[in-house]
Each structure stands twice: as C-alpha cells, then as structure tokens.
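Chemist: The structure's right below; bear with me while I get my questions together.
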C-alpha cells in the first residue's frame, strides 16, 4: 500500500517537471532519488500520534512530550515541571518578579511578550476571535471557547455537593467556595471578604466611588455593567417578564424571580445569628451587620460610618447639599424620594375635592418631615 502511494506521488512529480516550459526534464533516476529523499525526511519528522509535521527531528521529539506527558524541566523553587526549557524559563519570572515586557500605552508590565500582545488589545480594541454562530467577537481565544458553550449547552464540570454544572473548571472551583465558606479575597479598606477577585474588584468601587459604566441617554453612571443595563430599560420602557400571579411586569428575569417570592413566601437566606429569614441575600447581609456591628461605609466628609451604601449616599447629601428629587407642583426639592412622596400629599389635599387630611396623625407627620427636610 505504501509503495503504491509512493509510485502515484512520484508519477505526479515527474509529470510536473516535464510539463514546466523552459525546463529540461529531469532524468527518471534523479527525480525519483530527490522525491524519495524529501518524502522520507518528511515522514521522519511527522508525529505518528496526531499526524503533525515538524521542520526538524528535535522539534518532533519536543512535541512527542505532549503525548507521553514527559516533563524534563523542573522548577527548583516550587517543583513544578515543564515539557520545554523555555516554558520553565518563562515560569521562573513568577518567582523573581521580573516583568520585562512593558506596555507603552499605560505602563503595565508582563512576564512574557505573549501576555503583552494580548493586553494591547485593550487599547486597540482588537477582537480577533469571532463566534460563527452569532458573530460576537472576543479578545481571548479562551473567552470564545467559553462563549461557544452557551450555544452547545455543554457543562462538563459538575459540583458533587449540589449537582450544579458549569462550562469551565474555574467556574466550578469558584462555586465550591459557597459550600466550603472560603473567601480568600479581602478588602484592605474595610476587611470584607469575597469568593472571587472580580467580586473584590467590584466592591472596591464602593470606596473609590468609581462608576465606569455611563448611560448614553441621561449620562448617569454606575459601578456595575449589569446595573447600567437594567437602568437603560427605564428609557426604553421594555418590561419583558410578567408575574402570572399579579401580572406585574419586570425588566429582568432576576427581578421577576425575586418578586415571585412575595407570592410563594420563600425566604431562602437565613441569619446565622438568629432565626430570621430573607428573600434576598443582600437583605441578609445588611441584617447580619446588626449582630456584627459592622459599618463598612465611611463618609468622606466626616467620620460617620454606615452599614449600607444607600444610607451613606443619603447622609453625604447633607454635606453636598444635593436634593435630586423635585416636586413638579411647586419646585421644592428633597434628598430622599420618600420625602418627596410625603410632600406630594400636601398638594393632593389642596385640591377642591379634598377638604381635609385623612387624619391628624398624617398632618403631624407631614409637618415633621417637612421641617426635617428643610
């Protein structure tokens, strides 16, 4: 079989040489000798496992370690092993802290040239990896591979505790911390701990006041992209998710899910200090601060601290004088939306068909709130 293949290929080579104008035909023996030499050389540098070809025998030998699992080069710092010497050399930079490749745009440094090249896509906006299913593009090949699993529905990594499945191993490892309680990432500002580095990064915006995501319609900025996306639906008026119990509409599936707990009475989040339960994890976290006394949100104008970011924001308006909620009847402004709602009742009772307030208590409450907000 192999000889017949060689004869067939040899005939094609001989025909090619004879058909070229202006070239003298090679002698049969010379043509055959040259062809066989090249073919055998190619055969000797081709991997028998996967069919991949290499320019030299040494390159083939290096490649074969992929199949054999052989790792000849070991790090004397952490004993991690590598198939190639260059991979060990690159790894050693982790221990030395050396980062010889620096970005000319932002000054960020990297241990190897490849990582710098990938980083440069942040500045250039280049996204060379495109999904052939939906046309979405990515800066990293791994990001594309992960995205493709959305289309295929592939989730090969399963949690042995709760049987939840994930498309990548890293997601499973992160999820496992929910069961183990491990929170390895700590905020150096307030000491709060987090499951993942991305969670810590998002949290730090509370302290830095960074809001990198801006609404193109009204200019309002947000610390998280998901909050911006939810906000943008207030401009479009799109409410795609309906509750079948009360027919109330919601902008996101998550908002609907949280709302439905009102009807089901489900309160999956239990306080570890008392028996109180909550519909949302954020409500539980806020409640637990009563037990711990934790107040992670500090005013940048004074030393007062708060357990909730909303309380801090409301407090800081005392310093800034900001009153974002304005009455469309008289133009009076308020720091809190609830104060505006209470104020609006004054105008409601001023209408001809309202002769008096519903009760003395309501009138007294309104006057008290009005004095406070002035």
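Numbering (the UniProt record's numbering), first residue to last: 1 to 374. Every residue, glycine too, gets a C-beta built ideally from N, C-alpha and C.
#1: Going by beta-carbon coordinates alone, are residue 174 and residue 200 separated by less than 8 Å?
#2: Per DSSP, which one or two residues make a beta bridge with residue 297?
#3: Note the first and the last residue of the continuous alpha helix (DSSP H) segment covering residue 276.
#4: At the level of alpha carbons, what is the spacing between residue 52 and residue 46?
#5: Please look up how many angstroms separate the CB atoms of residue 258 and residue 280, rounded, as I've assumed it's under 8 Å.
#6: Is it buried or exposed, residue 296, if we count other Cβ atoms within 10 angstroms and call 16 or more buried?
#7: Among residues of its own chain, excluding the 5 on either side of residue 217, which ones have a beta-carbon nearer than 6 Å to its beta-carbon?
#8: Would you mind stating whether residue 243 and residue 232 have Cβ atoms separated by less than 8 Å?
#9: Measuring alpha carbon to alpha carbon, tell me which residue in 88, 89, 91 and 113 is nearest residue 100.
#10: Going by DSSP in three states, residue 270 sits in which element: helix, strand or coil?
#11: Comparing C-alpha positions only, which one of 49, 333, 177 and 61 sits nearest to residue 84?
#12: Along the chain, where does the alpha helix (DSSP H) containing residue 335 start, and where does it finish?
#13: Determine which residues share a DSSP beta bridge with residue 242 and list them.
#14: What is the rounded straight-line gap between the Cα of residue 127 and the Cα of residue 150?
#15: Buried or exposed for residue 307, please, with buried defined as at least 16 other CB atoms from any protein chain shown within 10 angstroms of its CB.
#16: Return the chain-ordered list of same chain residues with a C-beta closer than 6 Å to the C-beta of residue 289, the five sequence neighbours on each side being excluded.
#17: Taking the beta carbon of residue 224 as the centre, do at least 16 other beta carbons fall within 10 Å, making it buried, or is it exposed?
#18: Could you check whether residue 161 and residue 140 sit closer than 8 Å to each other, using their CB atoms as the reference points?
#19: Going by the CB atoms, is the gap between residue 167 and residue 183 shorter than 8 Å?
#20: Out of 340, 230, 209 and 246, which one is the CA nearest neighbour of residue 253?
#21: DSSP three-state call for residue 216: helix, strand or coil?
#22: DSSP three-state call for residue 55: helix, strand or coil?
#23: Restricting to Cα atoms, I'd like to know which of 104, 318, 227 and 206 is closest to residue 215.
#24: Give the list of continuous alpha helix (DSSP H) stretches no shorter than 4 residues that lie fully inside the UniProt domain "C2H2-type" (157-184).
#25: For the alpha helix (DSSP H) that residue 142 lies in, which residues bound it at each end?
#26: DSSP state of residue 391, grouped into three classes?
#27: Report yes if the CB atom of residue 131 is closer than 8 Å to the CB atom of residue 148, and no otherwise.
#28: Taking the alpha-carbon positions, what's the residue 211 to residue 309 distance?
#29: Which two residues bound the contiguous alpha helix (DSSP H) that contains residue 226?
Modeler: Short version:
#1: Within the chain shown, the letter at position 174 stands for residue 174. Within the chain shown, the letter at position 200 stands for residue 200. It is not a contact, given that the beta carbons lie outside the stated cut-off.
#2: In the chain shown, counting from the first residue as 1, residue 297 sits at position 297. DSSP lists 306 as partners of residue 297.
#3: As a first step, residue 276 must be located in the chain shown, where it is residue number 276. Careful: residue 276 lies outside any alpha helix (DSSP H) and carries neither H nor E.
#4: Counting from 1 along the chain shown, the entry for residue 52 is found at position 52. Counting from 1 along the chain shown, the entry for residue 46 is found at position 46. If you take the alpha carbons of residue 52 and residue 46, they lie about 6 Å apart.
#5: The count along the chain shown starts at 1 and reaches residue 258 at position 258. The count along the chain shown starts at 1 and reaches residue 280 at position 280. Confirmed, about 6 Å.
#6: Within the chain shown, the letter at position 296 stands for residue 296. Buried, since its Cβ has 16 or more Cβ neighbours within 10 Å.
#7: Working through the chain shown from its first residue, we reach residue 217 at position 217. The answer, listed in chain order, is 235.
#8: Taking the first residue of the chain shown as position 1, residue 243 is located at position 243. Taking the first residue of the chain shown as position 1, residue 232 is located at position 232. No, the pair does not count as a contact, with Cβ atoms beyond the cut-off.
#9: Counting from 1 along the chain shown, the entry for residue 100 is found at position 100. That would be 113, whose Cα lies nearest to the Cα of residue 100.
#10: The sequence position of residue 270 within the chain shown is 270, counting from 1. DSSP places residue 270 in strand when its eight states are reduced to three.
#11: Locating residue 84 in the chain shown gives position 84, counting from the first residue. Of the listed residues, the one whose Cα sits closest to residue 84 is 61.
#12: Here residue 335 refers to the residue found at position 335 of the chain shown. First-last for residue 335: undefined, no H or E at that position.
#13: The residue given as residue 242 occupies position 242 in the chain shown. DSSP, once it has assigned bridges, lists 249 as partnering residue 242.
#14: Residue mapping note: residue 127 aligns to position 127 of the chain shown, counting from 1. Residue mapping note: residue 150 aligns to position 150 of the chain shown, counting from 1. Spanning the two alpha carbons is a distance of roughly 19 Å.
#15: Position 307 of the chain shown holds residue 307. The residue in question, residue 307, is buried, as its Cβ has 16 or more Cβ neighbours within 10 Å.
#16: Taking the chain shown and counting its residues from 1, one reaches residue 289 at position 289. Answer for residue 289: 307, listed in chain order.
#17: Against the chain shown, residue 224 aligns to sequence position 224. The residue in question, residue 224, is exposed, as its Cβ has fewer than 16 Cβ neighbours within 10 Å.
#18: What you label residue 140 is simply residue 140 of the chain shown in a count that begins at 1. What you label residue 161 is simply residue 161 of the chain shown in a count that begins at 1. No, the Cβ-Cβ distance between residue 140 and residue 161 is not below 8 Å.
#19: Residue 183 sits at position 183 when you count from the first residue of the chain shown. Residue 167 sits at position 167 when you count from the first residue of the chain shown. The answer is no: Cβ separation not under 8 Å.
#20: Mapped onto the chain shown, residue 253 falls at position 253. The shortest Cα separation from residue 253 among 340, 230, 209 and 246 belongs to 230.
#21: For the purposes of this step, residue 216 is taken as the residue at position 216 of the chain shown. The answer is coil: DSSP assigns residue 216 none of H, G, I, E or B.
#22: For the purposes of this step, residue 55 is taken as residue 55 along the chain shown, with counting starting at 1. In this structure, residue 55 counts as coil in the three-state DSSP scheme.
#23: Indexing the chain shown from 1 puts residue 215 at position 215. For the residues 104, 318, 227 and 206, the minimum Cα distance to residue 215 belongs to 227.
#24: 169-180
#25: For the purposes of this step, residue 142 is identified with residue 142 of the chain shown, where counting begins at 1. Taken as a continuous stretch (DSSP letters only), the alpha helix (DSSP H) holding residue 142 covers 141-152.
#26: Residue 391 cannot be examined here, being either before or after the span of the chain that is shown, 1 to 374.
#27: Working through the chain shown from its first residue, we reach residue 131 at position 131. Working through the chain shown from its first residue, we reach residue 148 at position 148. In this structure, residue 148 lies closer than 8 Å to residue 131 by Cβ.
#28: For the purposes of this step, residue 211 is taken as residue 211 along the chain shown, with counting starting at 1. For the purposes of this step, residue 309 is taken as residue 309 along the chain shown, with counting starting at 1. For residue 211 and residue 309, the distance between alpha carbons rounds to 14 Å.
#29: Walking along the chain shown from the start, residue 226 turns up at place 226. Unbroken alpha helix (DSSP H) run through residue 226: 225-236.
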